[in-house]
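What follows is a single structure, written as C-alpha cells, with notes after it.
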Amino acid sequence: DFKGLILVDVPICTAKYVQSIEERDIFITNDDYIRKEQARTFDKKEQENENYVCSHADGFLAGSSVVKESLVFCGTEENKIKVIPYGVDLSQFSKKEYDFKNRVNFLYVGRVNRRKGIQHLLPAFNKINPDKATLTIIGQYDENDPLINEYSKKENIVLKGFITKDKVVFFVKKTIRSHHMPQNAAT
C-alpha cells in the first residue's frame, strides 16, 4: 500500500465528460463514427477506473481549464484541482498584417478527429469559395474515416498528416492566418 499524498497529472478530459459531449454531437450531426474513433471514451471500465482515481486522489494537475471542468463534472472537488496549462514558445512566431483582398491561408495543427471537432471544421470550411481560402491540416488522422476521405479530395483542403515540430514551425510561419477550431473537448 502506498502511503502519502496522491497527486494525479491529468492531461486530457475524463472519458465520462467527453462522452457527454460526444453523445450530444452525435445527435446534432447524425455521425456516429466517433464511437469507433474514440472507443476508450465509451468504455465503461475506463470510466470506472477514472471514477476510482477521482475519488481517491488528494489532488490533480489539469492541463487546461476544460480538463478541470471535466474533473468537476465527474465529482472531483474544485479545490483539489490546479490548472497548469501547456505552453508554446511564442518567440518562434511573429504577427503579420494581412490584406484581405488576397487569398487567406488557414492552418490547423493537432490530432485530426471528431473529438477535436473536425466534423464541424471541414463542412464549414467547404462553404468558403476555394479561390478565397486554403486550409492546411497537420496531424495524425484515420485514412479510413469517410469524412476525411470526402474532404481530402477538395482542392482547397490539404491534409499533411503527422510532421515533426520543426516542419510545423515552418508551416506556421508560412501561414498568414493561423486558426484552431473550437474543440469538443480538450485532450
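Per the numbering used here, residue 945 is the first one in the sequence shown, and the count goes up by one each step.
The beta-carbon is built from N, C-alpha and C at its ideal position, and this holds for glycine as well.
Would you kindly check if the distance between the Cβ of residue j and the Cβ of residue i is under 9 Å?
i	j	result
residue 1054	residue 1024	no
residue 977	residue 1059	no
residue 1013	residue 985	no
residue 1066	residue 1101	yes
residue 1049	residue 1068	no
residue 1074	residue 1099	yes
residue 962	residue 1036	no
residue 1072	residue 1001	no
residue 1051	residue 973	no
DSSP state of residue i, grouped into three classes?
i	result
residue 950	coil
residue 1001	coil
residue 1107	coil
Output needed for residue i: all residues of its chain with C-beta closer than 6 Å, excluding positions within five of it in sequence on either side, in chain order.
i	result
residue 1130	Caution applies to residue 1130, whose pLDDT of 44 falls short of 50 and renders its modelled position unreliable; the value that the coordinates give is listed next. Excluding sequence neighbours, residue 1130 sits near 957, 1008, 1010 and 1011.
residue 1124	Because residue 1124 carries a pLDDT of 44, less than 50, the predicted location of this residue cannot be relied on, and the following value inherits that uncertainty. Nothing meets the Cβ criterion.
residue 991	959 and 960
residue 1018	958, 960 and 998
residue 975	1063
residue 1103	1081 and 1096
residue 953	1005
residue 948	none
residue 1092	1085
residue 1070	none
By Cβ distance below 8 Å, which residues in the same chain neighbour residue i in space, the five residues on each side in sequence not counted?
i	result
residue 1028	1005, 1006 and 1007
residue 1084	1055, 1056, 1105 and 1106
residue 1134	Given a span of 945 to 1131 for the chain in the structure shown, any question on residue 1134 remains unanswerable.
residue 981	1057, 1058, 1059, 1086 and 1089
residue 1133	The structure shown does not extend to residue 1133, since the chain spans only 945 to 1131, so no value can be given for it.
Note down, in chain order, each residue of its chain lying with its Cβ closer than 7 Å to the Cβ of residue i, except the 5 sequence neighbours on either side.
i	result
residue 1030	1007
residue 994	958, 959, 960 and 1018
residue 1112	1053 and 1082
residue 1022	1016
**Q.** Whole runs of the beta strand (DSSP E) within the segment 1031-1105, excluding any shorter than 3 residues
**A.** List check, beta strand (DSSP E) in window: 1048-1053, 1077-1082 and 1101-1105.
**Q.** Inside the segment 950-989 only - beta strand (DSSP E) runs reaching at least 3 residues
**A.** Note on the segment 950-989: whole beta strand (DSSP E) runs with a minimum of 3 residues are 951-954, in chain order.
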